[in-house]
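Below: the structure, in structure tokens.
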Amino acid sequence: MSRSRSVTALVVILLLLLASLAASGCGSKSGPKYLRFSVGAEPETLDPRKSTGIPESTVQAQLFEGLTTLDATNKPLPAMAERWEISPDGLRYKFFLRPGVKWSNGDPVTAYDFEYAWKTTLSPEFGAKYAYQLFYVKNGEAYNKGLTTADQVGVKALDDRTLEVVLEKPTAYFLSLTSFHTLYPVPRRIVEANPKWAAEPKTLIGNGPFKITNWVHNSRIELVKNDQYWDAAKVKMPKLDFILTESGSTEIAMFDNNQIDMGDNAPPAEYPRLKKEGRLQISPYLGTYFFSFNVEKAPLDNVKVRQALSLAIDRQSIITNVVKGEQRVALAWVPPGLADATPNSDFRSVGGDYFKDGNIETAKKLLAEAGYPDGKGLPAIELIYNTHDVHKAIAEALQEMWRKNLGVDVRLANQEWKVFINTRSKGAYQIARHGWIGDYADPMTFLDMFETGSGNNDSQYKNPRYDTLIRLAKSTVNPEIRMKAMHEAERLLMDDAVLAPLYFYTRVTLVKPNVKGYQRSVLGHVYFKEAYVE
Amino acid sequence: MFKSIVGRILSMVLVLWVIITVTFVLMHAIPGGPFTAEKALPEAVMKNIEARYRLNDPLPKQYVDYWANLLKGDLGPSFKYESRTVNEIIAEGFPVSAELGLIAVSFSVLIGIPAGMAGALYQNRWPDHLVMLLATVGISVPSFILATVLIYIFALWLQLLPAAMWGSPEYVILPALALAGMPTAFIARLTRSSMLEVLAQDYIRTARAKGIAPFKILWLHALKNALLPVVTYLGPMIAAIFTGSFVIESIFAIPGLGRHFVTSIYNRDYTVILGITVFYSALLVVMNFLVDLAYLWLDPRIKMDGEDQH
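Chains D and G, in that order, give the protein sequences.
Each residue of the first sequence is one higher than the last, beginning at 424 in this note's numbering.
Each residue of the second sequence is one higher than the last, beginning at 550 in this note's numbering.
Written out as structure tokens, the structure reads:
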């Protein structure tokens, strides 16, 4: 009898406890005066030399600062370096560091920290994935391959405040690269003492506007203002919380429940509602969503078949009905947002469109010329995509358009992400979904992937003329020659219909109207240096 | 008794060996590796990384090395999360999942068993119908639906509880309820059916004939026997719930261990795949062993048989 009573009592107590907890659950409904940003998945690492992803570089962009930083139009501005000199041949850069710049622990930031960071990134033992972002530096690649020693690498601190960099080839966009996280400095003294320095908030010392105070894996990263930062006067926010979640529906629930102020991964189905509520910010994002044709696999080895398929797509309807993020119809390869040769001109506007969206008449004609009038005689084509509901919806839309407009039978197959990448890079496909995001602010980040033998040339495209143009553009810093060569290369790519571009990405951000002053880069990251919450 | 325990431990070790070996072979058989990425790495860079993680060694050597480290208790570094080890990942994630799991299991036991008893006691009357209706719903509604409904009601509509994240006690309630739904329903059904079976037996009829209060019969005479199937179910269920649920942890952004069971495979994070498989299997065989011990203690017939001997 007593046992039964105690069990009953326990149940009652537990339920009461729950009720009281529920009642005390949430406090005030207006958010705090600092920012809570849902940044995406758990960072693989916060060591800027090792990371590759967008959530990583977004957190790092608050913790570190490179020699330069990019303004809203991707123009490099002085950051750690207050000025620089470039030799007439474009090969030798001399960076002069700002006087008095400090790490968040008060140590001075020196040119030696940069030299150390770049050389360790390149060293073969270190095994950094993005080591190739430093292959522009003289002997960078040779050192990474173990063919030469560190002292042969073209980066050297001449004194505490002067960094000399020698490049392999003239690189017009090198000052944009120096704003990239792989080229950030690291605090040499700390790193040498503790190789796992970036794993712990205590030793993760940076030189950016914020410093890290807490990192709960798979949950949150907390930052506070870094008073040692050279431009600390401009930093308004006392605190910055990064929330780590890979689920878009979790993010939207937290946003609606006032647990976050801003986020990057809401599901497209929610866009129309948020847009109406004025809580959606759409900004350009340097990327192209496309379908890659394998030019070696019949019937896609026939350029007319490829052109027909690309022309028969109604891109606008996919944007309106499926992806919903106000993306721009892509009728070329390189997305807008990149400077052309003359000041204030855009590579995309200069290059223009290469064809018309949904040009079914011409598509039918081309398919007939290829020997398949109304799709007759054309064997079924397989299209592969990585398992994801949005990619699936897009693939199904294409399948229907090609069936209706051309009479072409396309079969869909989905694969798990890494299996998919493996299949695609081996060229074991006919048509594959693809998306490419630029690494730096220059058309070259899109164009050199189709060079013969490039590791990312999944289309297996081989065109000596194309290769010559890319080599020409890479050999000079003369903007006219470079841009002309790249426009010509893009025309070849489009004429040969190596790929069917669909749309140029946008970045769709959930954001409360009272969040101000943040800067969004077309490369995907956000700079919270001057952000504030009203 | 001692002999059978030693036998059990040996078979547990064998089971673990088979699990590790099969997992090792299977995970290396999936296409793609830990460093397969959208942007292909230059060959030299890939070589350096593989050398750093000893992935360029032949597989049999990797297998032997893995065992050598495992016997030292070292599960290796994560390939995905630079500078975190698998031991650290388990040490950080398991307490969170176990805390959530403990609360969810407590919910299921404290609600499921009384509900099942009520059903058995009032068989074919309205309390029974109500319990069975709820149990059927509980078993057929998947946890992610329950979670979404709970979030909608308590976080978005009533604004009483947070929609996600982990920390103070209010963060535990919704995920624990979502996680407890299925096992609660299952335990209620198990308790009800085994209770009915026990109640139909002669010794209960005798107790009734003696005029003992029905409630007392239930608590003192029937429950212990009726709980046997529930205990059997609790063993593996505790191992599963304590190691976390991928679905619940990703919906509620909980930094537990459950997420790694799925994400490590997406990431081809070989050491994490193996490490958590080892951990979960070890927990599972231990729990099953404990269940067997509990059996000996719970089943009165075993004792009575022994007593009949003299």
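Glycine is no exception: its CB is placed at the ideal position from the N, C-alpha and C atoms.
Can you pull the chain D residues whose beta carbon is under 7 Å from the beta carbon of residue i, in chain order?
i: E641/G; result: H640
i: E587/G; result: I844
i: I700/G; result: A676
i: A704/G; result: A676, N680
Cα-Cα, which of the options is closest to residue i?
i: I753/G; options: H770/G, G642/G, S742/G, R741/G; result: H770/G
i: R808/G; options: Y782/G, I797/G, T697/G; result: I797/G
i: E587/D; options: W541/D, T868/D, H814/D; result: W541/D
i: A484/D; options: Q942/D, E957/D, F518/D; result: Q942/D
i: T700/D; options: K935/D, P455/D, L946/D, S461/D; result: It should be pointed out that residue 700/D corresponds to Glu in this sequence rather than to Thr. Among K935/D, P455/D, L946/D, S461/D, the Cα nearest to that of E700/D is on K935/D.
i: A864/D; options: E488/D, P471/D, D494/D; result: D494/D
i: A816/D; options: V938/D, V745/D, R696/D, L723/D; result: V745/D
i: L789/D; options: R847/D, A912/D, V728/D, I844/D; result: V728/D
i: V780/G; options: G582/G, A664/G, G824/G, A843/G; result: A843/G
i: S642/D; options: D862/D, A908/D, I666/D; result: I666/D
i: P802/D; options: A616/D, R826/D, E615/D, V578/D; result: R826/D
i: V773/D; options: N649/D, L663/D, A755/D, K849/D; result: A755/D
i: K588/G; options: N688/D, D890/D, N845/D, P924/D; result: N845/D
i: R515/D; options: L590/D, L761/D, K498/D, V956/D; result: L590/D
i: F764/G; options: I568/G, G582/G, Y671/G; result: Y671/G
Would you mind telling me which residues of chain D sit closer than 8 Å to residue i, beta carbon to beta carbon, in chain order?
i: Y815/G; result: E839, W840, K841
i: S657/G; result: By Cβ distance, chain D contributes nothing, its closest Cβ being about 12 Å from S657/G, past 8 Å.
i: I568/G; result: Result: empty, since nearest Cβ-Cβ is about 22 Å, beyond 8 Å.
So which residues of chain G does residue i contact, with C-beta pairs closer than 7 Å?
i: K960/D; result: Lying outside 424 to 957, the shown extent of chain D, residue 960/D is not represented and no answer is given.
i: A621/D; result: S632
Is there a Cβ of chain D sitting closer than 8 Å to that of residue i, yes or no?
i: S794/G; result: no
i: S799/G; result: yes
i: A775/G; result: no
i: R557/G; result: no
i: I822/G; result: no
i: A713/G; result: yes
i: Q611/G; result: no
i: A864/G; result: Residue 864/G is absent from the model: chain G starts at 550 and stops at 859.
i: I579/G; result: yes
i: G855/G; result: For G855/G, the predicted model reports a pLDDT of 38, less than 50, meaning its position is unreliable and no value from the coordinates is stated.
i: K852/G; result: Because the pLDDT of K852/G is 48, which lies under 50, any placement of that residue in the model is unreliable, and the number read from its coordinates should be weighed accordingly. So, not an interface residue.
i: H859/G; result: Low local confidence applies: a pLDDT of 40 at H859/G is under 50, so the model's placement there is unreliable, with the coordinate-based value given in what follows. Chain D contact via Cβ: absent.
i: R674/G; result: no
i: R757/G; result: no
i: R741/G; result: no
i: R754/G; result: no
Compare the C-beta of residue i against all C-beta atoms of chain G and say whether one is closer than 8 Å.
i: L444/D; result: Because the pLDDT of L444/D is 46, which lies under 50, any placement of that residue in the model is unreliable, and the question is left without a value.
i: T626/D; result: no
i: Q682/D; result: yes
i: Y555/D; result: yes
i: G450/D; result: Note on G450/D: pLDDT 39, under 50, position unreliable in the model; the coordinate value appears next. Taking Cβ atoms only, chain G never reaches closer than 8 Å to G450/D, which makes this a no.
i: S480/D; result: no
i: P610/D; result: no
i: P547/D; result: yes
i: G878/D; result: yes
i: S670/D; result: yes
i: D470/D; result: yes
i: T673/D; result: yes
i: S848/D; result: yes
If I'm right that residue i touches residue j with Cβ under 8 Å, what's the distance once you round it to whole angstroms?
i: I481/D; j: V949/D; result: Residue identity differs from the one stated: residue 481/D is Thr in this sequence, not Ile. Confirmed, about 6 Å.
i: L829/D; j: K787/D; result: 6 Å
i: W507/D; j: N630/D; result: Actually they do not touch by this definition, with Cβ atoms about 18 Å apart.
i: P762/D; j: A713/G; result: Per the sequence presented here, residue 762/D reads as Ala, with Pro not at that position. Between A713/G and A762/D the Cβ distance is about 41 Å, and since that is not below 8 Å, they are no contact.
What does residue i touch in chain G if you count any residue whose Cβ is under 8 Å from its own?
i: K552/D; result: F584, A586, L590, V594, I598
i: K568/D; result: A593
Please compile the residues from chain D whose C-beta is within a distance smaller than 9 Å of the C-beta of residue i.
i: A669/G; result: None at all; the shortest Cβ gap to chain D is about 15 Å.
i: P906/G; result: Because chain G spans 550 through 859 in this model, residue 906/G falls outside it and cannot be assessed.
i: R603/G; result: Here the premise fails: no neighbours, minimum Cβ distance about 11 Å.
Below 7 Å, is the gap between the Cβ of residue i and the nearest heavy atom of the ligand SAH?
i: K552/D; result: Although the ligand SAH was asked about, the structure shown includes no ligands whatsoever.
Identify the contact partners of residue i in chain G, using a Cβ-Cβ distance below 9 Å as the criterion.
i: S602/D; result: Going along chain G, no residue has its Cβ under 9 Å from S602/D, so there is no contact; the nearest lies around 19 Å.
#### Entry: Sufficient close CB pairs (3 or more, under 8 Å) joining the stretch 586-599 of chain G to the stretch 876-888 of chain D
yes
### Query
Should the stretch 698-717 of chain D be called in touch with the stretch 785-795 of chain D, which here means at least 3 C-beta pairs below 8 Å?
no
### Query
Taking three-plus beta-carbon pairs below 8 Å as touching, is the stretch 726-739 of chain G in contact with the stretch 654-671 of chain G?
yes
### Task
Spell out a yes or no on whether the stretch 826-846 of chain G and the stretch 556-571 of chain G are touching, meaning 3 or more CB-CB pairs, one atom from each, closer than 8 Å.
yes
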